[in-house]
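Under my numbering, the first sequence is numbered contiguously, ending at residue 1338.
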Amino acid sequence: MAQISLTFPDGNSRSFDAGVTPAEVAASISSSLAKKAISAQVDGRHWDLAWPIEQDAAIAINTMADDAPALELIRHDLAHIMARAVQEIWPEVKVTIGPVRDHGWFYDFDRAEPFTPEDLGRIEAKMRDIINARDPVKTEIWERDRAVAYYEERGEPFKVELIDRIPGDEPLRMYWHGPWQDLCRGPHLQHTGQVPADAFKLMNVAGAYWLGDSSRPMLQRIYGVAFRNRNDLKAHLTMLEEAAARDHRKLGREMDLFHMQEEAPGQVFWHPNGWTIYTTLQDYMRRKQRAGGYREINTPQVVDRKLWEASGHWEKYQHHMFIVEVDESRDGENDDAAVRDKAQTRINALKPMNCPCHVQVYKQGLKSYRDLPLRLAEFGSCARYEPSGALHGIMRVRGFTQDDAHIFCTEEQIESECARFIEYLANVYAELGFPTFEIKFATRPEKRVGTEESWDYVENALEQAIRKTGRTYTLEAGDGAFYGPKLDFYLTDAIGRVWQCGTFQVDPNLPERLDAEYVGADGDRHRPFMLHRACLGSFERFIGILIEDSAGRLPFWLAPRQVVVASIVSDANDYVAEVVAALNAKGVRAEADTRNEKINYKVREHSLGKVPAILAIGAREVEERTVSLRRLGEKQSRLLSLDEVVAELAAEACPPDMR
RNA sequence: GCCGGCAUAGCUCAGCUGGUAGAGCGCGUGAUUUGUAAUCACGAUGUCGGGGGUUCGAGUCCCUCUGCCGGCACCA
C-alpha cells in the first residue's frame, strides 16, 4: 500500500498508509487524543475524522477545546439533528438546506402547515432525545445517479435539485445521523451525543425563498443558536436582551425623540428632542463640509419624469419612486384627482436621489478645467417607495436625508479626491465616536460599460488612494456598479454590529447621459467624472445607529437634553432659574425641574430619560451659590461652584470640531 | 412584495372555551418642602386598528384592508 507523510503542528512528520483517517491518526498518537478528537484540519481544510487522507498533508487534530471547529461541528450537527427531529414528528415535511450561520444555524423546510412556537418546543425535546441516543454518524460518497434515484424515491425534490446544482467534479457526500439521512458536504461529529444537549435553543420561524430567489417557493426557516456549553448560551441570550434594550425604536419613544404613524409609513415625525439631535448633527456636518472644500446647494423635491428618464432611473427604479401626477388643466371646479385629463397631466417623481439635480447645477454656465474639482454638497431629502417589508424604524425609511455630495473632476483628480475623502470620513467618524472603520473595495462586475483601460486606471486610482492614507481594504471583486468601482465604509458599534454608512463611487456614466462637460486646457470640451460620496449615509439611519451604539446615552454635545437643574426645596426655585439661564447663555441645553416632587423621583426620571447631567439644588446650594452635579450612571455627586459647573459643562457641550 | 405573528387607555400589558372592558406606570386634583433611581390620597381614562360577516349577543370566531414585529427578497 502506498505511503503518505503527514506533518503535525509541532513540525514532526510520520508516514501512514494512504487512505488513513484522522481518527486512526489520532489513535496512533494516544488513546486519550482518539477519545477527545472531533475533527481535523488537513492542509487547512476542516476534515471529518472518518474521511480518508490520500496524499501528503499537514494535519492537526481538533478537540472540543478548539473553539472554531468545535462550534462549527456542534452547529452543523444540530442542523441535521433538527431536520431529523422535524421529519420524525412530521414525516411529510420536505427537507432542503441547513447551513451554519452567525451564532447557530438554520434549516429550511417545505411544509404546508406553518410551524408554531409550540412546535419549536416539541422539536427541541425531540432533538434532546436524538442527542441522548448517541446515534453514530456515518458518511459515504455516492455516485450522482444513485443519490438522485434515492431522493426521488424518497420524495425529496429539493435534494434532487441541489444535486443538479453541485458541480460535476465534486464528490456527493451522504451522511447518516443514526437512521436519518441527509446530503451534506460535512464534516460532522462522530455521534449525536457529542453535541451538548443544554447549550442550544430554537429561536424563531421565518419565511425564506428557496435558493434565495423571490420567484421560487417560500419555505419555512427555523433558526437556532448553539454554543459549547450552557453558560455561553446564557451569555448570548443576555446579549440579545441588551441589544433589545437599546433598540432605537424603544429608546426613541422613551426619550421622546420621534414617532411614526400609519398615515406616513416609513417617514419620521421628529419631536423636539429628536430634532435637536438631528440639527446638531447636521450643523456639525455643515461645518465639516465647508471646511472640507464643499459648496452646499439645494435642489428640488418634485422633478419631471423627463429628467429621470434621461438619467436612466425611470427605467430601472420607477416602481420604487413616489409618483406625483398633476393635472394642469384643473380650474378649481373639477379637481377630483380621479378624473384627470390625461393629456394635461404632468408626471413627476419625488427625487429618490440627488445626483441628476446636481448635474443640472453643474451644467449652469460652461465649466473650465480650472473649476475642477467642483464639490457640490446637499443635505438631500429623498423619497423612495421602499417595499413595505423592508421598513424598519428610522433605519430603513421612505423619506430620508443624505449627507450627499458629488465631486466633478478629471480622471487624474480621482485618486487625490478619493484620498481626501477617506481622510475626511475618518476624521468625522473619529469625532462621532467611531475611531475605526473598514473599507470594502468593489471592483468591475461582469456586466459593465467602459473600456478595460479605463477600469484599470480608475481601480488603480482608488487602490492608490487607500494606500496613500495608510489603510487596508477587503476586496469585493465584481461587486462594483456597471459603470465604475466603489468603496464602502463600515463602522462597528458598541456591541459589535457592523454598519455600512459611507460610500465613494466613481461614475463616468451619468455625466455622459446628462451631457455634463468642461473646457480643458487644450480648449476642447471633455466629460468630467462624477464621484458620488456620502459619509453618514442618511441622517435618519445614522441617528438610529448613534442611539443603539450609545444605548441612548449620547455624547454630551449631541444629547438633546444635556442638563436638568432640579430643585430639592421650592425655596431654591429662583436660584434654579438662575443656574439654567447661566448654562443656556453658554450654549448648554439646560432645563429646570421645579416640580413638587422628591429629588429621588426627579433623579430617577431624568436618569431613565438619559439626561447626562443632573444638578440638584437644595438650601445649601442656594446659600453657597454652588450646585451638586450628578453624572448619568454615577452614584457619587460632586459639589461645584456655579462658575465651575458652567465652565465644565459648556466645554463638553462644545461640538468636537470646535474644541 | 413574500411567509408567519401581532394590533385592547399616552406607555407596558391582562382579559379562560363568545355574555355589554381591567392592572401598573403616566395624566389630573389635593396634601406633603422633600438631599441623589418611584411620597401619599382621590379622580378620569377606551368607537378594543378600519371595514364587512357569523351570532340573540363579538375585544374574543370568519373574511378583508391598513400598520407594526421577525425573517426572506429588495436597498440606485
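Cβ coordinates follow ideal geometry from the N, Cα and C atoms, glycine included.
These numbers were taken from a predicted model, which means no experiment stands behind them.
Query	Result
Here's the rule: buried if 16 or more other CB atoms are within 10 angstroms of the residue's CB, otherwise exposed. What is E1004?	exposed
Under 8 Å, do G1231 and M897 count as touching if we go by C-beta distance?	no
Quick one: is Y854 buried, meaning 16 or more other Cβ sit within 10 Å of its Cβ, or exposed?	buried
What's the C-alpha gap between H1211 and I1026?	27 Å
Could you check how far apart the C-beta atoms of T1273 and V1255 are, in whole angstroms? I think they sit under 8 Å.	6 Å
Along the chain, where does the beta strand (DSSP E) that runs through L890 open and close?	Premise fails: L890 is in no beta strand (DSSP E) and is neither H nor E.
Residues in its own chain within less than 8 Å of A1332 by CB, not counting five upstream and five downstream?	F1235, W1236, Q1241, K1265, G1266, V1267 and R1268
In angstroms with no decimal places, state the Cα-to-Cα distance between P1339 and N977.	Residue coverage of the chain in this structure runs from 680 to 1338, which leaves residue 1339 outside it and unanswerable.
Could you check whether H938 and I1073 sit closer than 8 Å to each other, using their CB atoms as the reference points?	no
Pull the bridge partners of W859 from the DSSP assignment, please.	H856
On the DSSP letters alone, give me the boundaries of the alpha helix (DSSP H) that C1036 sits inside.	C1034 to K1042
On a Cα-Cα basis, can you pick out the residue from P1124, K1165, F1116 and G971 that is closest to A1140?	K1165
Give me the Cα-Cα distance between F879 and R825, rounded to the nearest whole angstrom.	35 Å
Can you list, in chain order, the residues of its chain whose CB lies under 7 Å from that of S1217, leaving out five sequence neighbours each side?	F1079, T1080 and Q1081
Please report how far the alpha carbon of T1151 lies from the alpha carbon of I1118, in whole angstroms.	7 Å
Just to confirm the assignment: which complete alpha helix (DSSP H) runs, minimum length 4, are found wholly within the region 1071-1123?	1093-1110
Return the chain-ordered ranges of every alpha helix (DSSP H) run that is complete within the region 746-820 and spans a minimum of 4 residues.	746-768 and 796-811
Any idea if S684 is buried or exposed, counting beta-carbon neighbours within 10 angstroms, 16 or more meaning buried?	exposed
Going by the CB atoms, is the gap between W784 and L757 shorter than 8 Å?	yes
Just verifying my parser: in three-state terms, what is the DSSP assignment at V904?	strand
So what does I1224 bridge to, in DSSP terms?	Its beta-bridge partners do not exist; DSSP assigns none.
Answer yes if the region 764-772 comes into contact with the region 884-891, meaning at least three C-beta pairs across the two stretches below 8 Å, and no otherwise.	no
Is it true that the CB of W1178 sits closer than 8 Å to the CB of I1224?	yes
Roughly how many angstroms lie between the CA atoms of R813 and Q869, to the nearest whole one?	9 Å
Considering only their Cβ atoms, is the gap separating N1188 from Y1162 smaller than 8 Å?	yes
Around the C-beta of G1181, are 16 or more other C-beta atoms found within 10 angstroms, so that it is buried, or is it exposed?	buried
Which residue wins for smallest C-alpha separation from K901, given the options F794, I1086, T1024 and P1190?	Checking the sequence shown, residue 901 turns out to be Ile, not Lys. Measuring from the Cα of I901, the nearest candidate turns out to be F794.
Quick one: what does DSSP say E1155 is sitting in, helix, strand or coil?	strand
Mind checking which residues open and close the alpha helix (DSSP H) that includes G1181?	Per DSSP, G1181 belongs to no alpha helix (DSSP H); it is in the beta strand (DSSP E), V1177 to D1186.
Roughly how many angstroms separate the alpha carbons of P748 and I820, rounded to a whole number?	22 Å
With C-beta atoms as the reference, is A697 less than 8 Å away from A719?	no
Should D877 be labelled buried (16 or more other beta-carbon atoms within 10 Å of its own) or exposed?	exposed
Buried or exposed: where does Y1280 fall if 16 or more other Cβ atoms within 10 Å of its Cβ makes it buried?	exposed
To the nearest angstrom, how far is it from the Cα of H759 to the Cα of Q940?	43 Å
So, does the region 1082-1098 touch the region 1050-1060, judging by three or more C-beta pairs under 8 Å?	yes
Going by DSSP, what residues sit across from R1146 in a beta bridge?	Bridge partners of R1146: none, in fact.
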